[in-house]
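Participant: Here the sequence shown is numbered in UniProt numbering, starting from 1 and rising by one per residue.
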Amino acid sequence: MNKAKYTQEVPEDRNEVLKIIQEEKKPLKIMILGGVDSGKTTLTVFLANELLSQGFRVAIVDSDVGQKGILPPALISLGFPDSIFTTMEEIKPVKHYFVGTITPNQFFGEMVTGVKLLVNEAMKRRADIVIIDTTGLVHGSGVELKRMKIEMVKPDLVLALQRKDELEDILRPFENKTRVIRLAISENAKLHTREERRQIRKEKWKKYFENSSEYILDLRKFYISGTLMFQGKEISEEEKGLLESLFRWLIFHGRKIASRYFVVKADIGSFPRNFDKNAMNAVDLENLSNLLIGFIDKDGFCLGLGILKLINFKELKAHVLTPLNENEIKNAVEIRFGRIRVREDGEELGLLHRDAL
1 MNKAKYTQEV
11 PEDRNEVLKI
21 IQEEKKPLKI
31 MILGGVDSGK
41 TTLTVFLANE
51 LLSQGFRVAI
61 VDSDVGQKGI
71 LPPALISLGF
81 PDSIFTTMEE
91 IKPVKHYFVG
101 TITPNQFFGE
111 MVTGVKLLVN
121 EAMKRRADIV
131 IIDTTGLVHG
141 SGVELKRMKI
151 EMVKPDLVLA
161 LQRKDELEDI
171 LRPFENKTRV
181 IRLAISENAK
191 LHTREERRQI
201 RKEKWKKYFE
211 NSSEYILDLR
221 KFYISGTLMF
231 QGKEISEEEK
241 GLLESLFRWL
251 IFHGRKIASR
261 YFVVKADIGS
271 FPRNFDKNAM
281 NAVDLENLSN
291 LLIGFIDKDG
301 FCLGLGILKL
311 INFKELKAHV
321 LTPLNENEIK
331 NAVEIRFGRI
341 RVREDGEELG
351 LLHRDAL
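#1: Looking at Ile30 and Ile131, is the spacing between their C-beta atoms short of 8 Å?
#2: Any contact between the segment 52 to 72 and the segment 163 to 178? By contact I mean 3 or more CB pairs, one from each, below 8 Å.
#3: At what residue ranges does the segment 98 to 175 contain a whole run of the beta strand (DSSP E), taking only runs of 3 or more?
#4: Any idea if Ala318 is buried or exposed, counting beta-carbon neighbours within 10 angstroms, 16 or more meaning buried?
#5: Please list the terminal residues of the continuous alpha helix (DSSP H) segment that includes Phe247.
#6: Answer with yes or no whether the minimum CB distance from Ile293 to chain B is below 8 Å.
#7: Between the segment 208 to 220 and the segment 321 to 330, can you find at least three pairs of beta-carbon atoms closer than 8 Å?
#8: Which residue wins for smallest C-alpha separation from Lys154, given the options Met123, Val264, Leu305, Ala356?
#9: Rounded to whole angstroms, what's the CA-CA distance from Gln67 to Gln22? Just pull it up for me.
#10: Going along the chain, which unbroken runs of the alpha helix (DSSP H) with 4 or more residues stay wholly within the segment 216 to 293?
#11: Taking the C-alpha atoms as reference points, what is the distance between Gly34 and Leu246?
#12: On the DSSP letters alone, give me the boundaries of the beta strand (DSSP E) that Leu341 sits inside.
#13: Buried or exposed, going by whether 16 or more other CB atoms sit within 10 Å of the CB of Phe107?
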């Protein structure tokens, strides 16, 4: 289930980094950068265990939403390992931030905000060393994402695992602002196919949801975020009938937000339907089935995940599967909609575009 396991058989430059970390003034923030399968999590596990064994209080911020070590995926998580551990999955998280998808694309705001808030939380809890594990998105838009993370977190040390010079576009602006150490990628680093990474996630989803129960939740008792679905005003019966007639839809729910319509619908018949997407957002009802949601507390942190099974729009009731118990759900003030559909057996059903909801 985990790609990275604790080993002391590491390239010599890792031990040199360890000596530098030991000598640096504390508290210390360390951000680890690298492409896909470059060994970021393996390095995180190695450093954390070695520093723990020397008596340091270590915090780990796991922001690799697609290949999370600290369960579950689709969140950014903060953990404080209190003893030697083999894999990150053994670490019990103390805080999560909801991203709601397995890829940072289209979700830069959530990625940067989550990392910043959890690093702050780690410092409040008096961590000596905070290690930030990041995603493998380092090209194209990934350069901007990493720039924003570094600017917001202001790490004292950036560890860059790179093949040739692939991270230089990220590192160059920070050469004189923070300490950057370039590391070679271990010859033991294993490349995983897309399907292998998907299978790893499947096992993690399944483990997270394995002891879940289904609850019927009154949506009027929560603030709903991450979607336009309940903003604005409910459309009139006349508007509903006109839209159904024009586009041959069955509309289950409709809102008008300023001058734009938002409808949840099912198609009647199969033929092209053209409309101005600046004037209307139309969501297929089936795209809400098995959609990931987050239960958010009063401080904006995520208490845990749920899988949306059904919404009764007339009664504003939602059927949700979650491992959280009733008391934990009562601590949530907000339900936030994600953009990945996943079953409780771990099978991923697809990603929705940021603007879909």
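Yeah, the Cβ is synthetic: ideal placement off N, Cα and C, and Gly gets one too.
Facilitator: Based on what the coordinates show:
#1: As a position in the sequence shown, residue 131 is number 131, starting the count at 1. As a position in the sequence shown, residue 30 is number 30, starting the count at 1. Against a cut-off of 8 Å, the Cβ pair of Ile30 and Ile131 comes out as a contact.
#2: The segment 52 to 72 makes no contact with the segment 163 to 178: fewer than 3 CB pairs, one atom from each, lie closer than 8 Å.
#3: List check, beta strand (DSSP E) in window: 129 to 133, 157 to 161.
#4: The count along the sequence shown starts at 1 and reaches residue 318 at position 318. With 16 or more Cβ atoms within 10 Å of its Cβ, Ala318 is classed as buried.
#5: Stepping through the sequence shown from its first residue, residue 247 is reached at position 247. It spans 237 to 247 - the alpha helix (DSSP H) in which Phe247 sits, taken as one unbroken run.
#6: Absent from the structure: chain B. Only one protein chain is present.
#7: By the Cβ test, the segment 321 to 330 is in contact with the segment 208 to 220, since at least three Cβ pairs between them sit closer than 8 Å.
#8: As a position in the sequence shown, residue 154 is number 154, starting the count at 1. Ranked by Cα distance from Lys154, the first of Met123, Val264, Leu305, Ala356 is Met123.
#9: Counted from its first residue, the sequence shown places residue 67 at position 67. Counted from its first residue, the sequence shown places residue 22 at position 22. The straight-line gap from Cα to Cα measures roughly 28 Å.
#10: Here the runs fully enclosed are 237 to 247.
#11: Start at 1 with the first residue of the sequence shown, and residue 34 comes out as number 34. Start at 1 with the first residue of the sequence shown, and residue 246 comes out as number 246. The alpha-carbon atoms of Gly34 and Leu246 are separated by roughly 51 Å.
#12: The sequence position of residue 341 within the sequence shown is 341, counting from 1. The residue you asked about is not Leu; residue 341 is Arg in the sequence shown. Under the DSSP assignment, Arg341 falls in the beta strand (DSSP E) whose first and last residues are 334 to 342.
#13: Position 107 of the sequence shown holds residue 107. Classification of Phe107: buried, given that the 10 Å Cβ count is 16 or more.
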